[in-house]
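Below is one structure, written out as structure tokens, with a few remarks after it.
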Amino acid sequence: MIGNAFSYTKDLWKKDIQMAQDGGVDGFALNLGSDDWQPARLDDAYSAAKELNSEFKLCISFDMAVLPGNSASDAATLKQYITKYAKHPNQLLVDGKVFVSTFSGEKSNFGHPTPQEGWNAEVKQPLEQAGTPVHFVPALFVAPEAISGDWSNTVDGLLTWNSAWPTDLTSQSQNVAGVIGALAAPVLDQVKEAVGSMDADTQFIAAVKGTASATADSSARTYMAGVSPFFFTHYGPDTFNKNWLYVSDDHLYTSRWSTLIANRDKVDMVEIITWNDYGESSYIGDIGKDQPKSNAWVDGFDHTALVPLTKYYTTAFKTGQFPTIEKDSVVLSARPHTKAAQATADGVGKPLNWELVQDRLWADVLLSGPATVTLATADGKSQSWDVATAGPGRFSIPLTVGGFISATVERDGKTVLTCKPEGYTFTDKPQAYNFNSFVAGCVAE
38 MIGNAFSYTK DLWKKDIQMA QDGGVDGFAL NLGSDDWQPA RLDDAYSAAK
88 ELNSEFKLCI SFDMAVLPGN SASDAATLKQ YITKYAKHPN QLLVDGKVFV
138 STFSGEKSNF GHPTPQEGWN AEVKQPLEQA GTPVHFVPAL FVAPEAISGD
188 WSNTVDGLLT WNSAWPTDLT SQSQNVAGVI GALAAPVLDQ VKEAVGSMDA
238 DTQFIAAVKG TASATADSSA RTYMAGVSPF FFTHYGPDTF NKNWLYVSDD
288 HLYTSRWSTL IANRDKVDMV EIITWNDYGE SSYIGDIGKD QPKSNAWVDG
338 FDHTALVPLT KYYTTAFKTG QFPTIEKDSV VLSARPHTKA AQATADGVGK
388 PLNWELVQDR LWADVLLSGP ATVTLATADG KSQSWDVATA GPGRFSIPLT
438 VGGFISATVE RDGKTVLTCK PEGYTFTDKP QAYNFNSFVA GCVAE
């Protein structure tokens, strides 16, 4: 999000690009908003990628939730950005066309009777006539039948933003609300089944490929899925008035990746949501200086241990083969307080859906061979698993108030990896509500 990069220099862009490449990420979709300083940061990003002389790709994702889309002049602004970077060596192209995305845009009509007419008449067609055709893959918040119907002659694909989380799973969900207090077994099963599933993708995949009948064969259409580690936002009415979470338990990030890898024949591209959206706790990159008033739940909650873990899964998605694990590693994640705790100094209140989360430590382990994995959350509170083969493993145990989080990997009677991060506490008496996750990673010597 360029909106969270006000103080970025080209050197910082280079650092982020190189870090992303280390995680097997091939490019950034640059979310462009309405602040007058954002075009300069956009230009810095393209310049930084070029100066690195790398294959890293960039594309613009117009944030139509904040950018105006009511007139032809609004569309002209978008066309100027697209044209400016169309020939840039790091611009993402699909079949020789400039890849363009959005966040929202389903209501942007640019002065025409419908948004479909507006995007076609004011953006796509003029650019095509000017020799700058675009491959338009927006994140539209519409029903699948709209993609295969009204939008079929406008879009060249779709990013399903909400596929990254089980957004339909809420505290008001049917079959959940009645037994949610104790998180009974049926609810836990429903949560686990929803996490990482393809349910949010299946209808949209059919809709995207179905648009082929209008303009091209289905192979020319792009289905882009979302994947995200977490979602928690905690703004009161005096700021952005957003206070909810999406369930991110049961190893959401790696479970979703595994699902996408298993369905890689149906999914053309994957967008990691996000690199730096601090306000919604979904970031995997470094925590920058330009937070959108989210310091209360972001500071001290680094997520960068997810980047090397991402490399394992991006490699498998792109090649169809999981890479050989050379060194054992573990990534631990846990929230800082019990879900039922009553904060002593929080003016916003508990987030929507708080009842659905579990007070557990989640561990993603990559093993180079058979081993014993042990998790602990306090002295005398541990559990071990004997793992027979190399590969990824997912483990979890309950958190302990006043305790710690740790993991060990043993092989042939020797401890080959110990991970007990400093700076983590689990309390039942927080001052403010924070359902963000503390993340730590360790790699064997």
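At position 166 of the sequence shown (counting the first as 1) the number is 203 in my numbering, and the numbers step up by one without a gap. Beta carbons: idealized from backbone N, C-alpha and C, even for Gly. Quick caveat, the model's predicted, so the values are computed rather than measured.
{"Asked": "Beta-carbon separation (whole angstroms), V137 vs V171, contact threshold 8 Å", "Found": "5 Å"}
{"Asked": "Length of the line joining the Cα atoms of D205 and Y283", "Found": "9 Å"}
{"Asked": "F136 - DSSP class collapsed to helix/strand/coil", "Found": "strand"}
{"Asked": "Cut-off 8 Å between Cβ atoms - residues of its own chain near Q166, not counting five sequence neighbours on either side", "Found": "none"}
{"Asked": "T356 classed as buried or exposed, judged by whether at least 16 other C-beta atoms fall within 10 angstroms", "Found": "exposed"}
{"Asked": "Other residues of its chain near A378: CB distance less than 6 Å, five sequence neighbours each side excluded", "Found": "D465, P467"}
{"Asked": "Contact under 8 Å by Cβ, S319 with F277", "Found": "no"}
{"Asked": "Chain-order list of residues whose beta-carbon lies under 7 Å from that of S331 (same chain, five-residue window excluded)", "Found": "Y315, G316"}
{"Asked": "Cβ separation of T151 and M101, assumed to be a contact under 8 Å, to the nearest whole Å", "Found": "Actually they do not touch by this definition, with Cβ atoms about 15 Å apart."}
{"Asked": "Reduced DSSP category for T252 - H, G, I as helix; E, B as strand; rest coil", "Found": "For T252, the predicted structure reports a pLDDT of 48, less than 50, and the residue's modelled location is therefore unreliable. The matter cannot be settled from this model."}
{"Asked": "Exposed unless 16 or more other CB atoms sit within 10 angstroms - verdict on N107", "Found": "exposed"}
{"Asked": "Residue interval of the alpha helix (DSSP H) (run including Y470)", "Found": "Y470 -> no alpha helix (DSSP H), and no H or E assigned at all."}
{"Asked": "Integer Cβ distance of E143 from F178, believed to fall under 8 Å", "Found": "6 Å"}
{"Asked": "Pair within 8 Å by beta-carbon distance, G233 and S295", "Found": "yes"}
{"Asked": "Span separating the alpha-carbon of A201 from that of V264", "Found": "4 Å"}
{"Asked": "Extent of the continuous alpha helix (DSSP H) run through P203", "Found": "No alpha helix (DSSP H) holds P203; DSSP gives it neither H nor E."}
{"Asked": "Residue burial classification, K451 (beta-carbon count within 10 angstroms, cutoff 16)", "Found": "exposed"}
{"Asked": "Status (buried if at least 16 other CB within 10 Å, exposed otherwise) for Q117", "Found": "exposed"}
{"Asked": "Backbone CA spacing between D336 and V402 [nearest angstrom]", "Found": "25 Å"}
{"Asked": "For V216, the three-state DSSP class (helix, strand or coil)", "Found": "In this prediction, V216 scores a pLDDT of 46, lower than 50, which makes its location untrustworthy; no coordinate-derived value is stated."}
{"Asked": "Span of the beta strand (DSSP E), counted from its first residue to its last, around T375", "Found": "First-last for T375: undefined, no H or E at that position."}
{"Asked": "Sub-8 Å separation of D161 and P126 beta-carbons", "Found": "Note on residue identity: the sequence assigns Lys, not Asp, to residue 161. No."}
{"Asked": "Euclidean distance between Cα positions of G186 and A66", "Found": "26 Å"}
{"Asked": "Inter-residue spacing [alpha-carbon to alpha-carbon] between N313 and M56", "Found": "13 Å"}
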